[in-house]
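Here the protein sequences line up with chains V and B, keeping their order.
Quick note: the first sequence, position 14, residue 22 per our numbering, numbers continuous.
Quick note: the second sequence, position 2, residue 10 per our numbering, numbers continuous.
Each residue gets a CB set at the ideal place from its N, CA and C atoms; glycine is no exception.
All values derive from a computational prediction rather than experimental measurement.
Here the structure is laid out as structure tokens; the discussion comes afterwards.
Number of protein chains: 2
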Amino acid sequence: MKARVTVMLKNGVLDPQGEAIRHALGTLGFAGVEGVRQGKVIELDLSATDKAAAETEVKAMCEKMLANTVIESYRVEIL
Amino acid sequence: MKARVTVMLKNGVLDPQGEAIRHALGTLGFAGVEGVRQGKVIELDLSATDKAAAETEVKAMCEKMLANTVIESYRVEIL
Chain V
9 MKARVTVMLK NGVLDPQGEA IRHALGTLGF AGVEGVRQGK VIELDLSATD
59 KAAAETEVKA MCEKMLANTV IESYRVEIL
Chain B
9 MKARVTVMLK NGVLDPQGEA IRHALGTLGF AGVEGVRQGK VIELDLSATD
59 KAAAETEVKA MCEKMLANTV IESYRVEIL
């Protein structure tokens, strides 16, 4: 079973990497980019076969390690 | 209009960051994680209002800057 975790900085947390991308896109001539946020995506191959159990386990991984929940939010998709 | 770009290393390209996550999850007691790949997600706020035009422009951004197409693949979603 595959799971995809998307980790983004929470709204209001400064994202210098996203800001750098926005600026660079402007330099390259892409107008009309009003904001950029960059995050991480983590794709996991799991041996679990039960969808609900897999989701619970991946959420535990996020809380324990994959995301810093003080400043980041995460979304789990089971594929 | 919002767009989401997901950039992943192509299959066959070594992903040491993903491998480090896999190892760390094992250390934390999460068994059954067979593989991990880490990528980037970039969320763009665009002033464009035409969906097809926005998709074409975001793909151009990927080819020019957001992804290194030699070793990375990208996926564009217009939200």
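Start and end residues, beta strand (DSSP E) containing residue i
i, result
"B/G47", "V41 to L54"
"V/V15", "K10 to L17"
"B/E80", "E80 to I86"
Anticipated Cβ contact below 8 angstroms, residue i with residue j, distance rounded
i, j, result
"B/E80", "B/V15", "5 angstroms"
"B/M9", "B/A56", "6 angstroms"
"B/K18", "V/L36", "Not confirmed; about 23 angstroms, so no contact."
CB of residue i within 7 angstroms of CB of residue j, strictly
i, j, result
"B/Q46", "V/I50", "yes"
"V/L52", "V/V41", "no"
"B/V44", "B/I29", "yes"
"B/A11", "B/L74", "no"
"B/A68", "B/I86", "no"
Span of the alpha helix (DSSP H) around residue i
i, result
"B/D37", "First, the residue type needs correcting, since residue 37 of chain B is Gly and not Asp in the sequence shown. Looking at the DSSP string, B/G37 is not in any alpha helix (DSSP H), and its letter there is neither H nor E."
"V/A60", "K59 to M69"
Any non-hydrogen atom of the ligand NAD closer than 6 angstroms to residue i Cβ
i, result
"B/L52", "In the structure shown, the ligand NAD is absent, as is every other ligand, since no ligand is present at all."
Return the residues of the segment 44-73 of chain B that lie within a Cβ-Cβ distance of less than 8 angstroms from chain V, sorted by chain order. Within the segment 44-73 of chain B, the residues whose Cβ lies closer than 8 angstroms to some Cβ of chain V are V44, R45, Q46, G47, K48, V49, I50, E51, L52, D53, L54, S55, A56, E65, A68, M69, K72 and M73, listed in chain order.
Pull out every residue of the segment 27-40 of chain V whose Cβ sits closer than 7 angstroms to any Cβ of chain B, in chain order. Correct list: I29, A32, L33, L36, F38 and G40.
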